[in-house]
Amino acid sequence: MLQTLALSLDLQLLKANQHACEWLGNDMDELLQSSPPDIGLSGINDGNHQPFVKLIAGQTSHLYFDQPFRHKNGQTLWGENGVSALYDKSGLIFGMLVMINDITQRRKTEQRFRTMANAAPVLIWISGLDKLYCWFNKVWLDFTGRNVEDEYGMVGRKACIQMT
């Protein structure tokens with residue numbers, strides 16, 4: 189199910205679909221009286237909303253990012269967000285549409301994997317389709333003596349330790 193939120197240019201909640209209300213544990217009135225930070229929508233009123241400024245200014249038409257949300261009961265939910273500008277008939281931006289895909293289970297699974305991989309007594313890393321390394325377990329980092337920033341983005345054998 190896709191959760192949707194409509195935000196005004198001053199970044200207040202205007203509308204939400206029923207899926208968003210259920211996902212966040214609020215009824216429609218409660219949700220619309222909330223501020224974005226109340227539900228965990230970060231980057232809006234916390235001084236770190238530069239991507240939203242770029243969207244409002246027309247410098248970009250879409251934003252994509254993952255972030256945690258807060259359920260009414262305090263549980264952390266994870267959303268994969270797509271944000272698009274909303275335009276009026278004259279072509280002026282009047283708000284934003286946030287489309288949220290629930291990725292809470294995927295995040296929990298990833299955390300379980302990281303916990304398991306960090307406990308394993310072997311070198312483990314992950315690379316993307318571009319063959320660039322993007323994750324290393326603690327054993328890898330301890331063995332190489334390097335940190336994640338040094339290793340991140342290395343390709344294949346470049347990241348490997350030369351054995352003498």
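Going by this note's numbering, the sequence shown opens with residue 189, and the numbers climb by one from there. In this text, a Cβ means the ideal position worked out from N, Cα and C, and glycines have one as well. Only a predicted model underlies this, so the values are computations on that prediction, with no experimental measurement involved.
| Query | Result |
| --- | --- |
| Pick from Val271, Ile288, Asp276 and Tyr275 that is closest to Leu265, judged by C-alpha positions | Ile288 |
| DSSP state of Leu193 mapped onto helix, strand, coil | strand |
| Touching by the beta-carbon criterion (3+ pairs, under 8 Å), the segment 267-274 and the segment 237-256 | yes |
| Where the beta strand (DSSP E) containing Thr303 begins and where it ends | Note, Thr303: premise wrong, no beta strand (DSSP E); alpha helix (DSSP H) at Thr292 to Ala307. |
| Which of helix, strand or coil DSSP assigns to Leu212 | helix |
| Stretch-stretch touch, CB-based, cutoff 8 Å, three pairs: the segment 293-305 with the segment 196-212 | no |
| Whole-number beta carbon distance between Val286 and Leu195, since they are thought to touch under 8 Å | 6 Å |
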